[in-house]
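Heads up: the sequence shown is residues 3 to 46, going by the numbering used here.
Each residue gets a CB set at the ideal place from its N, CA and C atoms; glycine is no exception.
One structure is given here, and the rest of the page talks about it.
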Amino acid sequence: MLATETVSGIHNSIISVDELQNYGVNASDLQKLKASGIFAVNTA
């Protein structure tokens, strides 16, 4: 999942927490996020 939006000249992206593994976030930490109800993050 990837969504982008430009507001006031700022580029925002919303990505799935699973995609954070591509940036070095541990898989067990991602499972903890999903267990807490967090499935996407804003990369602004």
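Give the range of the beta strand (DSSP E) segment to which residue i is assigned.
i   : result
V42 : Going by the sequence as given, residue 42 is Ala instead of Val. A42 -> beta strand (DSSP E) spans A42 to N44.
Check this for me: beta carbons of residue i and residue j, under 8 Å apart or not?
i   : j   : result
A37 : I16 : no
N14 : N44 : yes
I40 : V27 : no
Who are residue i's beta bridge partners in DSSP?
i   : result
S18 : A42
Mind checking which residues open and close the alpha helix (DSSP H) that includes residue i?
i   : result
Q23 : Element bounds for Q23: n/a, residue is neither H nor E.
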